[in-house]
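*Asks:*
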Amino acid sequence: EPNLSDAALPLVAAILHRTLPEAPPTAALAAALGGCGCNGADANVEHAAAATAAGIQPILAAAPALLTAVRAVLDDRGNASAAAEACGLDALGTLGQSAVGAQLVLSDEMLTQALCERALGRSPHPEVRMAALHAVASAAGLERAGAERSREAALLPPQCEEGLRRCVYGACGLRRPGEVLAGMLQQPFLELKLAAYRCIAALSLRSWFAVELVTTADLYDRITDSTSENGAAACNWRHAAAAALWSTVSAAAAAADDAAFIATLAAPITVERVRAVVRAGPYGAEGGGTAAATAEASRMHGEHFVASRGAGGSA
Numbered sequence: 001e002p003n004l005s006d007a008a009l010p011l012v013a014a015i016l017h018r019t020l021p022e023a024p025p026t027a028a029l030a031a032a033l034g035g036c037g038c039n040g041a042d043a044n045v046e047h048a049a050a051a052t053a054a055g056i057q058p059i060l061a062a063a064p065a066l067l068t069a070v071r072a073v074l075d076d077r078g079n080a081s082a083a084a085e086a087c088g089l090d091a092l093g094t095l096g097q098s099a100v101g102a103q104l105v106l107s108d109e110m111l112t113q114a115l116c117e118r119a120l121g122r123s124p125h126p127e128v129r130m131a132a133l134h135a136v137a138s139a140a141g142l143e144r145a146g147a148e149r150s151r152e153a154a155l156l157p158p159q160c161e162e163g164l165r166r167c168v169y170g171a172c173g174l175r176r177p178g179e180v181l182a183g184m185l186q187q188p189f190l191e192l193k194l195a196a197y198r199c200i201a202a203l204s205l206r207s208w209f210a211v212e213l214v215t216t217a218d219l220y221d222r223i224t225d226s227t228s229e230n231g232a233a234a235c236n237w238r239h240a241a242a243a244a245l246w247s248t249v250s251a252a253a254a255a256a257d258d259a260a261f262i263a264t265l266a267a268p269i270t271v272e273r274v275r276a277v278v279r280a281g282p283y284g285a286e287g288g289g290t291a292a293a294t295a296e297a298s299r300m301h302g303e304h305f306v307a308s309r310g311a312g313g314s315a
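Below you can see the structure in the form of structure tokens.
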């Protein structure tokens with residue numbers, strides 16, 4: 001295995017991203033991670049899966065070397081510079097844009113924890129925080145979801161989803177993720193705002209974070225108020241976050257979501273508020289907030305904070 005320099009990490013990740021399959025057979029991915037996906041399958045199916053796995057095995061086998069190098073850079077016991085950490089985080093973000101790459105990243109508990117802590121936890125160098133926020137957004141499926149904010153394309157297997165949820169809450173300590181991200185949006189730094197909005201847009205495709213958003217009044221008001229931002233980039237990313245929230249809210253309203261979250265997300269006042277702000281577009285003249293909706297968000301705030309800490313990893 002070659003020793004990768006810090007600056008080379010994003011380049012290697014880009015090469016892997018271009019060559020990784022969109023959705024390899026489970027057997028191939030399991031083999032790359034040291035597992036086995038056969039389990040007594042029909043001989044012909046097993047042979048076909050093995051042949052496909054053999055074809056992509058060299059590609060998947062290169063990923064652990066990259067992740068090992070990134071892990072060394074993000075190891076808190078080391079002395080990596082902020083620039084080196086940003087390179088490692090950029091590599092994770094690039095790799096995480098595909099479903100396969102995201103699974104490789106989020107299956108590594110140490111990397112997921114380091115990623116979330118730098119995005120949402122202790123205050124690192126601004127360059128590190130922004131790189132981490134962008135990487136979380138990519139691993140959580142922002143690019144995979146596309147302009148349609150497709151939850152199906154963004155969501156990952158349950159083990160990865162649960163690891164992401166657990167690390168997001170763990171990184172925030174005694175604060176709620178919604179409170180942490182709302183605080184970032186109140187900062188006057190445009191690049192930090194855009195990174196935070198990207199993270200919100202990706203995480204909002206998950207029911208647990210959508211509930212987090214609508215029960216954190218400051219964040220909910222900002223996302224659903226068309227006048228809360230100035231400038232094209234901030235307005236568009238605020239609207240993208242609202243559109244992602246609508247994707248999850250509409251699934252709940254259609255009773256196609258986890259039952260534990262339907263009561264909150266499918267509440268008529270929530271459905272109408274989010275629908276209205278998405279229809280208004282990035283520069284809508286009307287804000288999304290109402291006094292009744294804000295009061296309802298405040299009421300649910302404490303209830304959700306306690307429940308979500310012990311919740312399962314449902315999408």
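Numbering (full-length UniProt numbering), first residue to last: 1 to 315.
Every residue, glycine too, gets a C-beta built ideally from N, C-alpha and C.
Given the structure is predicted, the values throughout are model-derived calculations rather than measurements.
Under DSSP, the alpha helix (DSSP H) around N230 begins and ends at which residues?
*Replies:* Note, N230: premise wrong, no alpha helix (DSSP H); not H, not E.
*Asks:* Round the Cβ separation of A92 and A63 to the nearest angstrom and send it over; I've been treating them as touching at under 8 Å.
*Replies:* Checking the displayed sequence, the identity of residue 92 turns out to be Leu instead of Ala. Not confirmed; about 11 Å, so no contact.
*Asks:* If contacts are defined as beta-carbon pairs under 8 Å, then E116 and V136 qualify, I think. What distance do you get, rounded to the angstrom?
*Replies:* The residue you asked about is not Glu; residue 116 is Cys in the sequence shown. Yes, they are in contact, since the Cβ atoms of C116 and V136 sit about 7 Å apart, within 8 Å.
*Asks:* What three-state label does DSSP hand G178 in the structure shown?
*Replies:* helix
*Asks:* Report yes or no: do the stretch 250-266 and the stretch 230-238 share at least 3 C-beta pairs separated by less than 8 Å?
*Replies:* no
*Asks:* Buried or exposed, going by whether 16 or more other CB atoms sit within 10 Å of the CB of L174?
*Replies:* exposed
*Asks:* With DSSP as the reference, label G88 as helix, strand or coil.
*Replies:* helix
*Asks:* Who are the near neighbours of C172 in its chain, counting only those whose CB is closer than 8 Å to its CB and skipping five residues on each side?
*Replies:* L120, G121, E179, V180
*Asks:* Please classify A260: does DSSP put it in a helix, a strand, or coil?
*Replies:* helix
*Asks:* In whole angstroms, give me the CA-to-CA distance for residue 331 and C167.
*Replies:* Only positions 1 to 315 of the chain appear in this structure, which leaves residue 331 out of reach.
*Asks:* Specify, as a first and last residue, the run of the alpha helix (DSSP H) that residue 323 falls within.
*Replies:* The displayed coordinates of the chain run from 1 to 315. Any statement about residue 323 would go beyond what the structure contains.
*Asks:* Looking at A244 and residue 317, is the spacing between their C-beta atoms short of 8 Å?
*Replies:* There is simply no residue 317 to check, as the chain begins at 1 and stops at 315 in what is shown.
*Asks:* Mind checking T112: buried by the 16 CB within 10 Å criterion, or exposed?
*Replies:* Its Cβ being crowded by 16 or more others within 10 Å, T112 is buried.
*Asks:* Taking DSSP as the reference, what is the three-state secondary structure of A240?
*Replies:* helix
*Asks:* Can you look up Y283 in the DSSP assignment and give me helix, strand or coil?
*Replies:* coil
*Asks:* If you drop the 5 nearest sequence neighbours on each side, which residues of the same chain put their C-beta closer than 7 Å to that of H134?
*Replies:* G93, A195, R198
*Asks:* By how many angstroms is the C-alpha of G170 removed from the C-alpha of L203?
*Replies:* In this structure, the alpha-carbon of L203 lies about 15 Å from that of G170.
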